Amino acid sequence: MPKWCFKSQFEILFRILTIFKVIPGLFIGSFRDSKDFAQLESNQITHIISILDAPKKIYQDKKYLCIEAIDSPEQNLIQYFQTCNDFIHKARLKNQNVLIHCLAGMSRSVTIAAAYIMSATTIKLKHVLRLLKACRSISSPNEGFNKQLQYYECNYLLEERTRLASISHSNNQLIADEEYCKRIIGEEHKK
């Protein structure tokens with residue numbers, strides 16, 4: 001087997017077995033990551049959104065939002081966007097860190113993260129998806145979730161941005177998040 005295959009396989013494994021920061025205070029990972037106490041502690045994770053077929057709380061010292069959802073194009077995730085946005089936003093306003101995880105950390109969790117980032121910033125969906133891919137290369141919402149994100153962007157996003165902005169009472173986080181996202185997207189574009 002060529003030497004480059006090992007590096008490539010190692011990189012893929014690393015991307016699957018590691019929690020990744022998307023923006024300050026927001027991380028994406030897999031179910032396996034959510035059980036890895038050392039990773040949770042090293043990333044100072046205080047809040048966890050578990051979006052699985054049968055989610056459950058694992059650690060008593062973490063705040064959980066458990067969402068029962070399957071990784072299927074027919075699964076309605078839009079119904080959970082506002083609840084997830086509130087959970088993430090309130091934690092981040094207290095300088096606490098949130099992990100969003102599904103089974104592999106590539107479809108359901110990425111969809112929830114994309115909805116939040118669009119809602120907390122003025123960044124468009126196509127750029128948010130590039131950001132997520134830059135942070136976690138296996139990021140790939142299924143076709144149905146992509147359509148839901150597009151529908152959300154066209155029909156609910158402006159109202160949700162206004163609502164989230166009213167919770168934070170400050171533009172500082174919005175500005176910082178947008179600058180962070182644009183820097184990551186810009187770095188990825190240069191590659």
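Sequential numbering of the sequence shown, starting at 1, is according to full-length UniProt numbering. All residues carry an ideal CB built from backbone N, CA and C; glycine is no exception. Owing to the predicted nature of the structure, the values given are computational and were not obtained by experimental measurement.
By the Cβ-count criterion, G25 is buried, with 16 or more other Cβ atoms from all chains shown falling within 10 Å of its own Cβ. As computed with DSSP, L99 is found in a beta bridge with F27, I48.
Ranked by Cα distance from A69, the first of Y116, H89, S137, K56 is K56.
Within the same chain, Cβ atoms closer than 8 Å to the Cβ of K90 are found at I167, the five residues on either side in sequence being excluded.
In the three-state scheme derived from DSSP, where H, G and I count as helix and E and B as strand, E68 is classed as strand.
Taking a contact as a CB-CB distance under 8 Å, the pair D71 and N142 counts as one, their CB atoms being some 6 Å apart.
Shortest Cα-Cα distance from Q150 to any of L125, T83, N171 involves L125. The Cβ-Cβ distance between I49 and V98 falls below 8 Å. In this structure, T111 lies away from F87, with their beta-carbon atoms at least 8 Å apart. Listed in chain order, the non-local C-beta contacts of R161 below 6 Å within the same chain comprise S119, local neighbours out to five positions each way being set aside. In this structure, K62 keeps its C-beta atom at 8 Å or more from the C-beta atom of I51. A residue is called buried once 16 or more other Cβ atoms fall within 10 Å of its Cβ, and R183, having fewer, is exposed.
Beta-carbon to beta-carbon, A113 and L132 are separated by about 6 Å, close enough to satisfy the 8 Å threshold.
With 16 or more other Cβ atoms from the protein chains shown falling within 10 Å of its own Cβ, A134 counts as buried. Around the CB of Q60, fewer than 16 other CB atoms lie within 10 Å, so the residue is classed as exposed. Taken through DSSP and simplified to helix, strand or coil, K133 comes out as helix.
Selection I67, D36, I19, L93 evaluated against Q173 yields L93 as nearest (Cα-Cα).
Counting along the chain, the unbroken alpha helix (DSSP H) around S166 starts and ends at 157-168.
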